[in-house]
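Student: Per numbering that gives the first Met the number 0, residue 0 is the first one in the sequence shown, and the count goes up by one each step.
Each residue gets a CB set at the ideal place from its N, CA and C atoms; glycine is no exception.
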Amino acid sequence: MPPLPSVNLAADWQPFLALGITGHRATNPSFSAHGEAIATALADLFARIDGIAAGLPGTHAPLRLHSLLVDGTDQVAAELALARGWQLVVPLPFGADLNLAINAHPPTPADAAALCRGDPAADREAEARAAAIRAITAQADMFELADRDAEVEALLLAMLADPDDRAAARTFEALVSGNVALAGRVMIERTDLVVAVWDGKIANLAGGTGHTVATALAMGTPVLLVDPGAPGRWSILTRPEELFQPGDEADGSAPDLARLEAIIRAAVVVEGWSPAQLEREAWRPRSSRGFGLYRRIERLFGGAGGAFGSLRVDYEAPAAIADGSATGLVQAAAAMPGGDQRVTARLSGEVLPMFAWADGIASRLADAYRSGMCVNFVLAALAVIIGLAFLPAGLGELKWIFATVELLLLVGILGLTAAGSRRGWHRRWFELRRVAEYLRHAPGLLLLGVSRPTGRWPRTGGGQAGGEWPEHFARHALRAVGLPRARLTRAYLRAALTGVALPHVVTQRAYHEAKAHRLEKVHHRLDRAAGACFVLAVVSVLAYLLLKFAGVAGFLPKALAAELSPLFTFLGVAFPTLGANLAGIRYFGDFERFGAISRVAAEKLREIEARITLLLAGAESGLTYAAAADLMHALDEAVVEEIESWQSVFGAKHLALPA
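(1) Within the continuous beta strand (DSSP E) that includes R47, where are the two ends?
(2) Is it buried or exposed for D148, if we count other Cβ within 10 angstroms and need 16 for buried?
(3) In angstroms with no decimal places, state the Cα-to-Cα distance between N580 and L242.
(4) Between which two residues does the alpha helix (DSSP H) carrying L223 extend?
(5) Could you tell me whether the stretch 542–560 touches the stretch 515–525, where touching means 3 or more Cβ pairs closer than 8 Å?
(6) Pick out the complete alpha helix (DSSP H) segments inside the stretch 130–194, 4 residues or longer, and give them in chain order.
(7) Please list, in chain order, all residues of the same chain as V540 whose beta carbon is under 8 Å from its beta carbon, the five residues on each side excluded.
(8) Could you check what DSSP says for V639 in three-state terms: helix, strand or coil?
(9) Rounded to whole angstroms, how far is the Cβ of L67 from the Cβ of V179, which I believe are closer than 8 Å?
(10) From this set, Q86, E152, L144 and R83, which residue's C-alpha is nearest A113's C-alpha?
(11) Report yes if the C-beta distance between P105 and A111 is below 8 Å; otherwise report no.
(12) Throw me the rounded Cβ distance for the W282 and I360 pair, which I believe falls under 8 Å.
(13) Which one or two residues does DSSP pair with T21 in a beta bridge?
(14) By DSSP, does H475 sit in helix, in strand, or in coil?
(15) Quick check on the DSSP output: the beta strand (DSSP E) that includes W424 runs from which residue to which?
(16) Measuring straight from C-alpha to C-alpha, what distance separates N698 and L41?
(17) Residues in the same chain with beta-carbon distance under 8 Å from R133, minus the five sequence neighbours each way, listed in chain order, please.
(18) Which one of T211, L444 and L446 has the shortest CA to CA distance from G19?
(19) With A382 and L364 assumed to form a contact (beta carbons below 8 Å), what rounded beta-carbon distance in angstroms separates them?
(20) Let me make sure I understand the geometry here. Which of I611, L555, R508 and L482 has the alpha-carbon closest to that of L445?
(21) Can you find the residues in the same chain that come closer than 6 Å, C-beta to C-beta, to A331, ignoring five residues on each side of it along the sequence?
(22) For G117, tell me which candidate among L378, A130 and G621 has the shortest Cα-Cα distance.
(23) Look up P90 in the DSSP assignment and say whether it is helix, strand or coil.
(24) Roughly how many angstroms lie between the CA atoms of P391 and L310, to the nearest whole one?
(25) Can you tell me whether W399 is buried or exposed, with buried defined as 16 or more other CB within 10 angstroms of its CB?
(26) According to DSSP, is D526 part of a helix, a strand, or is it coil?
(27) Would you be able to state if there are at least three C-beta pairs under 8 Å between the stretch 20–30 and the stretch 62–78?
(28) Find out if the Cβ-Cβ distance for the pair R455, M218 is shorter than 8 Å.
(29) Just curious, the alpha helix (DSSP H) that S564 is in, first and last residue?
(30) Count the C-beta pairs between the stretch 286–296 and the stretch 365–385 that are closer than 8 Å, then say yes if the count reaches three, no if not.
(31) I'd like the span of the beta strand (DSSP E) that includes I235, first residue to last.
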């Protein structure tokens, strides 16, 4: 038999530290007066960060620096990062040529137009600045927000043609600032720490250094703040309110060093967990035969048909998913105009197989945990019923046999509970289900360069050592894919929304609607069945009392009630026991609340579906990266909220003795 698939963590998953850089331009007095000192301070800081990261346990990939490559701080930091062998990723606010034209500061419309075409500028100074940018970008992975390039280029040329046209200048500056802020957000979403060279003077200029610092803090990303006037001094901020605190003349001594080390360690290491623990998980191609009771109950009471048919579920093999259920997604990603085939390859070769692997294991663990609890309720009911079955059978002299069976059933409950606790079915199901769900909706986010900021990932570990490893694992698995090396035109955005995002939203919305309907039906039918058992218990007790009174009144032989007393005693115990255990299964399964969670998720997804449809059907000018990214963030938020909701339902329901 060939070996079963597993996650090749050594090849497919390595954590790493991701930094962002923002700071003053070369023309800013704070930078121009201290340029050499700033470069030296950044070099020392990067060396210190590299040293801290190198000393962390385990293996990890090289550091990654994200920079918008504006002249001044950004370019200095980029050159330092490349010199250290770090990966340089550049989320550009515009297409590469337009970005070059804007940042080279050409003096004439002709030079600007030439740079926008990819030709050299006639002006020597402008061309020298352009050459410096080209030299760095040639070594970087560029993510180009080119959806509004035509508008920006037209405004740039108009502004250069008529420098006195203040209206054109204001429109240009507003559009540029908005796109720079958007690119800054892309950078922040993918970093563990933003390094900012800022004098603290202006914080409300969109796209400026102060605005980027404030945005990072608002998104939960810490900022290492370097004073350009004294770059040897730096401090670390983690909350927006710290921006308004009086300076403490931080000098890089112990307190900030300790915070820096803690931030870097938290970004790369999960205390109490190592990848070796995950490698011990084994994927199986199909569901377990021994743990199907929960799904049998769902099918029996859900009214979907085939109540007594086969429960076997074949899980999609990790190696087969790209050519199986995800064929359409992979083809759509590969066909995107100007798309990054490297991202498509990593989706089909790493992300999707990891999802299938985690999904298959989580599904088996869910069966073991939920069916194990249901089996406990069934065994508890049988123990009581069989323990008293000698009464109606008139086999009092053989009571020991019934007691033996009862004992075996009780031992079975204890053994199953101990096995589930020892093997961690509940915990492992929760963890791997989180991994699977984070990866399930990742393709659309990856293709559009959208990510959940580090500070906004759920903290669901419950304080246990290693409890947050699923979020850590998923974050680094997705971060490793990186930003697409692509030019995001409106055609690219349309292809991503039409071919990847919308089909996923539609499929998930339909899944949650069907699930909500099924679980609500299971809840109500279990409730009715449990109620019927208690009604039958009342009927059996009333029947006995009527027989007794009828015997006393002379309507029936007095001995009849005595003869049937063992039967009615049995029924009077069996029916409530059965009803109580059905109610226990209903409570444990929490089908109604679980269905309500899916109902809410379906409603959110329906709204996102409607918004995507409207965006695609509307005017082309409305199809912007900002609009598409906002929809992807809404999808990400809906998924995370759904995960947190169902975990709040089952979080405290560990496999336990039925009570």
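Tutor: Quick look at the numbers:
(1) As a first step, residue 47 is located in the sequence shown; it is residue number 48 there, counting from the start. Element bounds for R47: not the beta strand (DSSP E) but the alpha helix (DSSP H), G34 to A53.
(2) As a position in the sequence shown, residue 148 is number 149, starting the count at 1. Answer is buried; the Cβ neighbour count reaches 16.
(3) Stepping through the sequence shown from its first residue, residue 580 is reached at position 581. Stepping through the sequence shown from its first residue, residue 242 is reached at position 243. Spanning the two alpha carbons is a distance of roughly 58 Å.
(4) Along the sequence shown, one-based indexing puts residue 223 at 224. Boundaries around L223 are those of the beta strand (DSSP E), V222 to V225, since no alpha helix (DSSP H) includes it.
(5) By the Cβ rule, the stretch 542–560 does not count as touching the stretch 515–525, because fewer than three pairs are nearer than 8 Å.
(6) As far as the stretch 130–194 is concerned, its whole alpha helix (DSSP H) runs of at least 4 residues are 148–160 and 165–188.
(7) Here residue 540 refers to the residue found at position 541 of the sequence shown. A distance below 8 Å between beta-carbons, with the five flanking residues on each side excluded, links V540 to the following residues of its chain, in chain order: F567 and G571.
(8) Indexing the sequence shown from 1 puts residue 639 at position 640. Helix, per DSSP.
(9) Within the sequence shown, residue 67 is the residue found at index 68, counting from 1. Within the sequence shown, residue 179 is the residue found at index 180, counting from 1. Right, the Cβ-Cβ distance comes to about 7 Å (below 8 Å), so this counts as a contact.
(10) Along the sequence shown, read from residue 1 onward, the residue named residue 113 stands at position 114. That would be E152, whose Cα lies nearest to the Cα of A113.
(11) Start at 1 with the first residue of the sequence shown, and residue 105 comes out as number 106. Start at 1 with the first residue of the sequence shown, and residue 111 comes out as number 112. Result yes, Cβ atoms of P105 and A111 sit closer than 8 Å.
(12) Looking up residue 282 in the sequence shown gives position 283. Looking up residue 360 in the sequence shown gives position 361. About 6 Å separates the CB atoms of W282 and I360; that is less than 8 Å, so the two are in contact.
(13) Residue mapping note: residue 21 aligns to position 22 of the sequence shown, counting from 1. According to DSSP, T21 bridges with A195.
(14) As a working mapping, residue 475 is identified with position 476 in the sequence shown. Helix.
(15) Walking along the sequence shown from the start, residue 424 turns up at place 425. Run containing W424: none in the beta strand (DSSP E); it sits in the alpha helix (DSSP H), W424 to R439.
(16) With the chain covering only 0 through 658, there is no way to say anything about residue 698.
(17) Counting from 1 along the sequence shown, the entry for residue 133 is found at position 134. L99.
(18) Stepping through the sequence shown from its first residue, residue 19 is reached at position 20. For the residues T211, L444 and L446, the minimum Cα distance to G19 belongs to T211.
(19) Counting from one through the sequence shown, the residue named residue 382 turns up at place 383. Counting from one through the sequence shown, the residue named residue 364 turns up at place 365. Contact doesn't hold; Cβ gap of about 26 Å is too wide.
(20) Residue numbering aside, residue 445 sits at position 446 when the sequence shown is read from its first letter. Looking from the CA of L445, the closest CA among I611, L555, R508 and L482 belongs to L482.
(21) On the sequence shown, residue 331 is found 332 positions in, with the first residue counted as 1. Correct list, in chain order: G498 and V499.
(22) Translated into positions along the sequence shown, residue 117 becomes position 118. Of the listed residues, the one whose Cα sits closest to G117 is A130.
(23) The count along the sequence shown starts at 1 and reaches residue 90 at position 91. In the structure shown, P90 sits in a strand (DSSP, three-state: E or B).
(24) Mapped onto the sequence shown, residue 391 falls at position 392. Mapped onto the sequence shown, residue 310 falls at position 311. Computed Cα separation, rounded: 35 Å.
(25) Mapped onto the sequence shown, residue 399 falls at position 400. So W399 counts as exposed.
(26) Taking the sequence shown and counting its residues from 1, the one referred to as residue 526 is at position 527. When secondary structure is reduced to three states using DSSP, D526 falls in the helix class.
(27) They touch, by the three-pair rule.
(28) Locating residue 455 in the sequence shown gives position 456, where the first residue counts as 1. Locating residue 218 in the sequence shown gives position 219, where the first residue counts as 1. Taking 8 Å as the Cβ cut-off, R455 and M218 qualify as a contacting pair.
(29) Here residue 564 refers to the residue found at position 565 of the sequence shown. Here the alpha helix (DSSP H) through S564 covers K557 to G588.
(30) Note that the stretch 286–296 touches the stretch 365–385; at least 3 beta-carbon pairs, one per stretch, sit closer than 8 Å.
(31) Within the sequence shown, residue 235 is the residue found at index 236, counting from 1. Residue range W233 to L236 is occupied by the beta strand (DSSP E) that includes I235.
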